[in-house]
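Below is one structure, written out as structure tokens; comments come after it.
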């Protein structure tokens, strides 16, 4: 039997009590005995908890990895604009050496004799048709022209689609190839993002999920004995959902192998 992670187990306990208080406040109004309401709430909460743990182990872990991968990819894209030509050529060279292909820097590109000529243009703007044509003209006959860029003009992609000797790749292709060969560089961004001040920053922290849970539990329990039942229930459920959001979704801020040959 597969063991669940401790983090999933603790989250499961959290989900159980959160579900219990919501079900209890809803069921207590139609059931006289507290023991009956508690038992039914516990049964429903157990089902919800087991379903959560199953989905968490099966799907959520993969989603966390995908999110982390997306963050790394976004950082790589932003950073690539600030690399020098020397640094970019070093990445290209290391990649092709992994493929046992030696080359030299020549005419603004990376030339691999008898194989291909690699060019790049990592800027925020899309590469135009003229730029790819210029690279193609520099490539000796019989060799392939490989171009790496952030993006391409629509006309450019459409025109070169049937060309076997002209291969257009994006930053994503470049990233996946470097990752596949364990060549991704560790690069610090040369700037920091300025974030707008959030007036709720001190309140909506993940650490405060327990406080929201406690107040939510108090309000939902009181909704079974107070005159303004639905008001207390509404406030309690809102607090419980905020608690759930802070615990599971607060820090949540999408592979195909490619070869640049």
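Residue numbers (the working numbering): 210 to 470. Don't be surprised by glycine CBs; every beta carbon is placed ideally from N, CA and C.
Asked	Found
So who's on the other strand from residue 314, going by DSSP bridges?	319
Taking the alpha-carbon of residue 357 as reference, which of 312, 309, 301, 372 has the nearest alpha-carbon?	301
Leaving out the 5 sequence neighbours to the left and right, which residues in its chain are closer than 6 Å to residue 219 when beta-carbon positions are compared?	none
Please classify residue 451 as buried or exposed, where buried requires at least 16 other C-beta atoms within 10 Å of its C-beta.	buried
Name, in chain order, the residues that DSSP records as bridge partners for residue 376.	355
Leaving out five residues on either side along the sequence, give the residues of the same chain with a beta carbon under 7 Å from the beta carbon of residue 364.	338
For residue 330, which of helix, strand or coil comes out of DSSP?	strand
To the nearest angstrom, how far is the alpha carbon of residue 344 from that of residue 447?	60 Å
Going by other Cβ atoms of all chains shown within 10 Å of its Cβ, with 16 needed for buried, is residue 425 buried or exposed?	buried
To which residues does DSSP link residue 325 through a beta bridge?	321, 353
According to DSSP, which residues form a beta bridge with residue 361?	336
For residue 257, which residues from the same chain have a beta carbon less than 6 Å from its beta carbon, with the 5 sequence-adjacent residues on both sides left out?	228
Report buried or exposed for residue 279, applying the criterion of at least 16 other Cβ atoms within 10 angstroms of its Cβ.	exposed
Let me check understanding here. Comparing Cα to Cα, which of 347, 443, 384, 260 lies closest to residue 231?	443
Please report the residue range of the alpha helix (DSSP H) in which residue 296 lies.	294-307
Can you give me the Cβ contacts of residue 319 inside the same chain, cut-off strictly under 7 Å, excluding the 5 residues immediately before and after it?	298, 301, 302, 312, 327
Measuring straight from C-alpha to C-alpha, what distance separates residue 362 and residue 335?	6 Å
Going by DSSP in three states, residue 345 sits in which element: helix, strand or coil?	helix
Nearest by alpha-carbon distance to residue 293: which of 331, 368, 284 is it?	331
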